[in-house]
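Heads up: the sequence shown at position 220 corresponds to 220 in full-length UniProt numbering, and the numbers run straight through without jumps. Quick reminder that beta carbons are idealized off the backbone N, C-alpha and C, glycines included. A quick write-up on the structure given underneath.
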Amino acid sequence: KRAFDDVFSEPAPFIAASSGDYRLKPDLHAAGRSLDDGQLLAIALILTASRGLSSVEMKQLMAQLLPAGPEHKGLDRLTKNPVFEYRGVPKISLTNRLARLSQAIVNHELISFDHVYHGEMRHFDRRLPTGLFFGDLFFYLIVDGSDEQADDDPDEGKFVRFRLDYMRNITYHRQQPTHDHDERFRGGRLQNHTWYPYLGKPINLEILYSYDPQFVLDRFPEAIVDWKNVRDRPFIKNPYARKVYHITIPVNDGFGVRMWLQGQGDLVKVLAPKHIRDYVVWVLRKSLKNYQNEDDTGKYL
């Protein structure tokens, strides 16, 4: 078994590797090269679209990041409104907290803290921070293991994932236990295996998808389309929905995947696993009941 230290020895991107991919050489990180306007524009638009930092903190960051002057006219014009209209979700600053928690993860420091969930404050004592993750507006701290933990159900009192801006009174205990390398948090894997950032055990999701499968592949880059068994539906009015694709998707078994399936509506039919299929059917039937006994205007009969 290896310690969590080894997570930081994972290969850096863009060095030529025997597997055929390329990874960035570590010395390029400290080369002091300035970013061009296209790179700065990409960073600014992604950051402001995230809404992940408080309004004050994001606008300070943009002021530090974006250069001024006539030679940057295009950059200035295209970022001015996103920065002006920016409304951050957190009400507190997070970057200092991110920096300190990252050190706690590296040093295996146990932490204690309070956390607010649905207005209720709970105390968590001596938990091990193992990862930081951003998804769907929020920064999260992961504790006590990897991204493949099954016990991610705060409604049932199972907390392994905490919104950073809902944490209070963080205490660092500076203890350094040793932990299994396989239990490290892998945020890139989580990004590929879910939609909304819930943790969960790995499963293969099989679906029929009646629209352009690229939308599935964009969301889940490891998905596999069975191109040999595409079913035609010439009677469908929408020409882009006339083919049905069998797709197998490596995902996790968390609530985030269930939310994605619900959002696809009648474009998707779940084939397996059965418990996911049963859940989707149950939600659809439950949702339909919300509209029963109503007239066309939504009034109860």
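First through last residue of the beta strand (DSSP E) which encompasses residue i
i	result
Val143	Phe138 to Val143
Gly135	Pro129 to Gly135
Asn169	Met167 to Tyr172
Ile111	Ile111 to Tyr117
Lys269	Val268 to Ala272
Asn204	Pro202 to Tyr209
Arg161	Arg161 to Arg163
Contacting residues, own chain, Cβ-Cβ under 6 Å from residue i (five flanking each side not counted)
i	result
Ala223	Val216, Leu217, Ile247 and Ile249
His29	Residue placement at His29 is flagged as unreliable, the pLDDT there being 43, under the threshold of 50; the coordinate-derived value follows with that caveat. Excluding residues within five positions, none has a Cβ falling inside 6 Å.
residue 384	No statement about residue 384 is possible, as the shown extent of the chain runs from 1 to 301 and does not include it.
residue 311	The structure shown has nothing for residue 311, since the chain only spans 1 to 301.
Trp260	Trp195
Asn229	His246
Glu183	Gly145 and Ser146
Arg219	none
Ala272	Glu206
Ser76	Checking the sequence, you will find Asp at residue 76 rather than Ser. Excluding sequence neighbours, Asp76 sits near nothing in its chain.
Continuous alpha helix (DSSP H) stretch holding residue i: start and end
i	result
Arg242	Here Arg242 belongs to no alpha helix (DSSP H), and DSSP marks it neither H nor E.
Asn290	Taken as a continuous stretch (DSSP letters only), Asn290 belongs to no alpha helix (DSSP H), as it is neither H nor E.
Asp36	That residue, Asp36, is in no alpha helix (DSSP H); it is neither H nor E in DSSP.
Leu75	Lys73 to Phe84
residue 310	Beyond the ends of the chain as shown, which are 1 and 301, falls residue 310; an answer cannot be given.
Thr218	Looking at the sequence itself, residue 218 is Asp, so the reference to Thr does not match. Per DSSP, Asp218 belongs to the alpha helix (DSSP H) from Gln214 to Arg219.
Asn192	Gly187 to His193
Per-residue burial, residue i [other beta carbons within 10 Å of its own, 16 or more giving buried]
i	result
Ile105	buried
Tyr240	exposed
Val281	exposed
Met167	buried
Glu109	buried
Arg231	exposed
Pro70	exposed
Residue-level contact to chain D via CB, residue i, 9 Å cutoff
i	result
Glu85	Annotation note: the requested chain D is absent from the structure, which comprises a single protein chain.
Nonlocal neighbours in the same chain, by C-beta distance under 7 Å from residue i, ignoring five residues either side
i	result
Ser55	Tyr86, Arg87 and Gly88
Trp210	It should be noted that the sequence gives Ser, not Trp, for residue 210. Hits under 7 Å: Ala241, Val244 and Leu267.
Asp27	Note on Asp27: pLDDT 42, under 50, position unreliable in the model; the coordinate value appears next. Result list for Asp27: empty, nothing under 7 Å.
Val283	Gln262
residue 302	Residue 302 lies beyond the stretch modelled for the chain, which goes from 1 to 301, so this question has no answer here.
Lys158	Asp151 and Asp152
Ser102	Leu132
Close beta carbons around residue i, own chain, < 8 Å, minus the five adjacent residues each side
i	result
Leu98	Leu132, Phe139 and Leu164
Thr48	Met58, Met62, Thr79, Pro82, Val83 and Tyr86
Lys91	Ser54 and Asp165
Exercise. Are the segment 31 to 46 and the segment 63 to 82 touching, with three or more C-beta to C-beta distances below 8 Å?
Worked result: yes
Problem set entry | Cβ contact check for the segment 112 to 122 and the segment 165 to 177: 3 or more pairs under 8 Å | yes
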